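In my numbering, the protein residues as written are 11 to 1003.
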């Protein structure tokens, strides 16, 4: 390389330079704009700033002459400096200037990231970074030069951060720590570097050091800027505290770029100027949020996808797309649902998506903070729907489409999209139907596009008819458009031409396709597979696929991915109207029943496969109408449900609204375990609430009890214990009245454990005792083991260890006799906990280790978390808080995966106690306060009391009055729930005096 500006100025390929001060400024300014002419005025400003002499231009010529002589001394052609009436320039070839080589190297590395070649990307980044010898143009004090050099320095830091991201993905955290620490020292206000250092430290098990890095940064930001760290760094701090191994502590897994944009259509017409304008605003003006609004069918989505495709190289890390359904028959996506879907596109597992909207949005911002990402929010219904989804990362672009002008959106540059003008519309028609054919009949072509309202969707449909009818004249189509009134044109104001286009398209397909097309509108989900279509139409799967292919060819149906189909919202409306006439109501209702039967049979079959014997007894019986369509979905099981769970939830609503009450509550019940295990607790509550309403209208007490019993499971997992208790109490009363002894039994222990979890151990014990009496009369060993497990849980929490020990031993005996491994590991775990609390540490350790091994073998993550927490307490008491903290972090991860809120709160409280004993009171205090806030919203008294006790322990040395206040609150709660933990709090209060 002939010139170097990535460090002190270098000329001629070695260590040579230019020594004269003004000459250095001139050459530096020219090299910063290499390949372009720099006006004389800019050079004068760079050299003399605010006080140029009258002879500045003459002196500038002298500087250039000296530079040319110096070039000659260094075997460089003096002609490399170009003179022009406008100014001067330096002519360089691609490899002459180190800054140009650096930029190309970084772009190549970014391309390798996009392609998923992370090792190659790392090599590219490191080679580019190796070109730097220090701060750009170090030693040249010119304000103009320094300003432009700072831009280069910023590019270097950005490249370093991107390189570190890649190396963290490659699992090279240990190698990065020293370099990151030095970089943070040099750039203490740069949050991304600080966050990367925290990640690297956490990844090698140095959580304490990671937390120290955060505290140092927090102090620096307060001292230097008077602010707290940004939301992303704060959330990262919480996740390191919690041992969130998806971020820290797990071996890094290579992650490729995310590509979720739909395919851009090839015959994009009439929007080139709009695309160019939008791209320019984004690239040159720095627009981060672009809003495109316009009428339905005007091509908003197509335009957004083309703009996104044109800009894709600028956003290589992620290109996301989501339909918000702001204007469709489906319910508009809530911000919570939308951000969950976007997180899934980024690869975040379902179990890691938080329940709370604020937590989901915080995770969304963290995921995008370090990425150059492009997000298309399509079909927005309102500003309120999209505003929470806007990322705050500096390298993100958001494209929003809507049929409305989003006046209430504080950010974003709006762009209203009109219909095509006459020339553009005719050009589009020619592209679809044939250019020569359209040119031969200009007046007829103008009439066709006029009748289509110049709307792209309608023009495409009309052109497709011409393309597939080569004997038609354009005038024939024009006449049909004038005279052929379709249903959409008759029933929808302002959409006349679109309706005619849809009607014409529909008329050209076969009778079988004409029958299937409107039936597809009955499915309420976003997309459906060929089996759903076959069930709707009562066709074989092979025949259905043939008809769907015909509809795809006619552009009446979109094949969104192989085997999956969707309807544009206007086409869905048209299809729905085709079924709206009174003559088709019998057909419509029969198809709806087939649709519900199909999904009910599949979900019932999956439920029978995955549910335990005790709950299988109340799975409704079923005789499948179409067993030939069930094999693949049933075999896929949970995976099929996850793909279809939104549609299944919508079908429960449809069954209610359309008068299929039996299907309604049965479908809710069939989806219970799948929703519960998958963490879809909102959907579980919604479907069972609808099912309950339907059952009440039917007067079906057994169905009412069933809905109440299972909706309580979601309330329990969400720690909403009073709601769970109210639901189960009603279910119990109804089941007693109906004489359902087996269901009464399970309801009693569900009620007992709910009371115990809510802190009412005495009432819980009453329910357990009644259940015990029933089981003895029934002589049912299987039910007895289930009951004993739940009873022991309550007795342990209540401090009744002798009684719990007797029941746990009986539980273990029965489980071994039945050779029931799942009940065996539950009994062993509880025995270990009881022996620990009774002071029998040796036997307790052995029991807990065996239980932990069995729970891991069987995949019982909740049980694993319980045992890990118990062992963690033992390690802390034995004087090893670091080992204890590691165990509690593992337990927290397990609890988060199951979605059990009480388990999460317990793990955080115990983790905080271990961290406190390591000497980090500030971090422990943060964790306890988080638990206090969460439990305060839910009324979870036991863990709330433990959080209050923990806060008191953290502050008693510095603020004994605050510690006493927190301990008194904790004692009140512990006394309310008769917890044995009250004794320790009383001791702590006595110590305070």
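We treat Cβ as the ideally placed atom computed from N, Cα and C, and that holds for glycine.
It should be emphasised that the depicted structure is a prediction, and the values quoted were computed from it without experimental measurement.
query: Opposing strand residues paired with residue 571 [DSSP bridges]; result: 574
query: Through-space distance from residue 104 to residue 902, alpha-carbon basis; result: 54 Å
query: Residue 691 versus residue 168 - alpha carbon distance; result: 41 Å
query: Every unbroken alpha helix (DSSP H) within the stretch 785-868, with a cutoff of 4 residues, ordered by chain; result: 791-808, 811-827, 831-847, 851-868
query: Residue 921 and residue 252 closer than 9 Å at C-beta; result: yes
query: Extent of the continuous alpha helix (DSSP H) run through residue 917; result: 911-927
query: Boundaries of the alpha helix (DSSP H) in which residue 29 is found, first to last residue; result: Segment: none, residue 29 is in no alpha helix (DSSP H) and carries neither H nor E.
query: Simplified DSSP state of residue 229, which is helix, strand or coil; result: helix
query: Cα-Cα separation, residue 550 to residue 544; result: 6 Å
query: Secondary structure of residue 424, DSSP reduced to three states; result: strand
query: Residue 9, enclosing beta strand (DSSP E) - first and last residue; result: The chain is shown from 11 up to 1003; residue 9 falls before or after that span and cannot be answered.
query: Reduced DSSP category for residue 303 - H, G, I as helix; E, B as strand; rest coil; result: strand
query: Meets three-Cβ-pair contact criterion under 8 Å: the stretch 911-930 and the stretch 686-702; result: no
query: Straight-line gap, residue 963 to residue 976 (C-alpha atoms, nearest Å); result: 9 Å
query: Residue 845 to residue 985 span [Cα, whole Å]; result: 24 Å
query: The alpha helix (DSSP H) enclosing residue 879, as first and last residue numbers; result: 871-887
query: Heavy atom of the ligand HEM within 8 Å of residue 711 beta-carbon; result: Absence of the ligand HEM is noted for the structure shown, with no ligands found whatsoever.
query: Backbone secondary structure at residue 632 - three-state DSSP; result: coil
query: Identity of the residues DSSP links to residue 387 by a beta bridge; result: 332, 410
query: Rounded Cβ spacing between residue 719 and residue 757 (contact assumed at less than 8 Å); result: 6 Å
query: Reference residue 671, options 197, 796, 447, 606, closest by Cα; result: 606
query: Completely contained alpha helix (DSSP H) runs for the stretch 411-482, where each covers 4 or more residues; result: 432-443, 445-449, 452-461, 466-477
query: Beta-bridge partners of residue 13, as assigned by DSSP; result: 21, 107
query: Alpha helix (DSSP H) segment containing residue 945, residue limits; result: 931-948
query: CA nearest to the CA of residue 17, picked from 197, 159, 66; result: 159
query: DSSP three-state assignment for residue 507, whether helix, strand or coil; result: Reliability of the predicted coordinates at residue 507 is poor, the pLDDT of 41 falling under 50, and no value is obtained from them.
query: Proximity winner among 484, 151, 907, 814, relative to residue 459 (alpha-carbon distances); result: 484
query: For residue 382, the nearest candidate out of 200, 392, 408 (CA to CA); result: 408
query: Close-in-space but distant-in-sequence residues of the same chain around residue 63 (CB under 8 Å, 5 per side omitted); result: 69
query: Simplified DSSP state of residue 643, which is helix, strand or coil; result: helix
query: Residues near residue 84 in its chain [Cβ-Cβ closer than 7 Å; skip 5 each side]; result: 21, 22, 26
query: Buried or exposed (CB count within 10 angstroms, at least 16 for buried), residue 598; result: buried
query: Pick from 284, 293, 325, 321 that is closest to residue 310, judged by C-alpha positions; result: 284
query: Segment limits, beta strand (DSSP E) that includes residue 91; result: 91-93
query: Three-state secondary structure assigned by DSSP to residue 539; result: strand
query: Candidates 173, 688, 731, of which the one nearest residue 364 by Cα; result: 688
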